[in-house]
Each structure stands twice: as structure tokens, then as C-alpha cells.
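This report concerns only the one structure given below.
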Amino acid sequence: MPVQRTLSIIKPDAVGKNVVGDIIRRFEENGLSVIGTRLTHLSAAEAGRFYAVHEGRPFYNDLCAFMSSGPVLAMVLEGQNAVVLNRQLMGATNPKEAEAGTIRADHADSIDANAVHGSDSEENAAIEISFFFAALDLHSRG
Ligand code: IDP
Ligand code: MG
């Protein structure tokens, strides 16, 4: 399996609940390494740029408001098959549909406040990583 990088964001709900450590533990126990971190508080405009792919969808404005409602922890995860592995650990977008034991099943309250973001492809991972990080911010173990 290829070694990949992917972007994870611990969203304002999960940062506010103080479960950052539990979420990172799940990544590390499943073979992903944190190679860059940034705790930041996005403006609504910045959240809108990050989620530009969803512009025009009915949930876009609520999504931007929620993602700018408090601090988020952006991280780059690295490991074998990191993009799909992170999505598996996250669980389904709607926590009601998330498999037991996933981050969203355990920590998400609703489809809006759903604890984590994860890139959905290697191509989007590269774009999303560059939104938050410069190459010098990332420190690979490999
Ligand atoms: P993902 O986060 O699982 O990749 P996306 O479809 O990329 O899901 O949507 C981005 C975010 O927008 C979701 O995590 C969720 O917070 C929000 N979202 C997606 N679909 C809906 C919806 O139907 N209603 C409300 N919020 C939604
Ligand atoms: Mg997505």
C-alpha cells in the first residue's frame, strides 16, 4: 500500500469537548503519524474558501458558520493508505449512520457538528494540506 498524506481537521465541537487527545490516539494506534499540526480559528470567509467545493449546496452557509465558530486543529497524517484509512476511522458524515467505534459514532452530535474533517482523495489532500501548511511545517518520520 502506498504511503500517503491526508488532511484531518478536528472541528470546533470536538475541540470544545476536549477530545483532541482521544482522536489523535485513534490515528496513532492505527498506523498514522501526525507530521504537522496547526491550531487555528478560521473566519467565515476562510471556512468558505476551504469548503468552496460545496458552495451553492443548502448546507454551505451553516457549514461555514459552524467551522468558524471556534478553534480547530488542522493536522497532516501520514501512513500507508492514509486517505482511505482516515475516512474509515472517521465514520460516515451523518453520525446516525456512522459505524460503531468510529470517531463520529463516538464524538459527533449531528451532521453539522460531526467532530472531524478528512480529505476524500489524494488529489484533494494535497490541495487541502497546502491551505493550512507550508512544506517546511511538515516533518515526515519516513
Ligand atoms: P465529509 O465531511 O464526510 O467529507 P462532505 O459531504 O464533504 O462530508 O460535507 C462536508 C461537511 O458538510 C460535512 O462534514 C458536514 O458537516 C456538512 N454536511 C454535509 N452534508 C450535509 C447535509 O446534508 N446537511 C448538513 N450538513 C451537511
Ligand atoms: Mg468531504
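Residues 944 to 1085 (our numbering) are what the sequence shown spells out, left to right.
For each residue, glycine too, the CB sits at the ideal point set by N, CA and C.
{"query": "Taking 6 Å as the cut-off, does the CB of residue 1067 come closer than this to any heavy atom belonging to the ligand IDP?", "result": "no"}
{"query": "Threshold first: 4 residues or longer. Then list the alpha helix (DSSP H) segments lying entirely within the stretch 983–1009, N to C.", "result": "987–993"}
{"query": "Which residue comes first and which comes last in the beta strand (DSSP E) that contains residue 1081?", "result": "Segment: none, residue 1081 is in no beta strand (DSSP E) and carries neither H nor E."}
{"query": "From residue 1019 to residue 1080, what does the alpha carbon distance come to, in whole angstroms?", "result": "10 Å"}
{"query": "Would a C-beta distance cut-off of 7 Å place residue 953 and residue 946 closer than the cut-off?", "result": "no"}
{"query": "Got a sec? Which residues, its chain only, sit under 7 Å from residue 958 by beta carbon, not counting five neighbours each side?", "result": "1013, 1014, 1015, 1016"}
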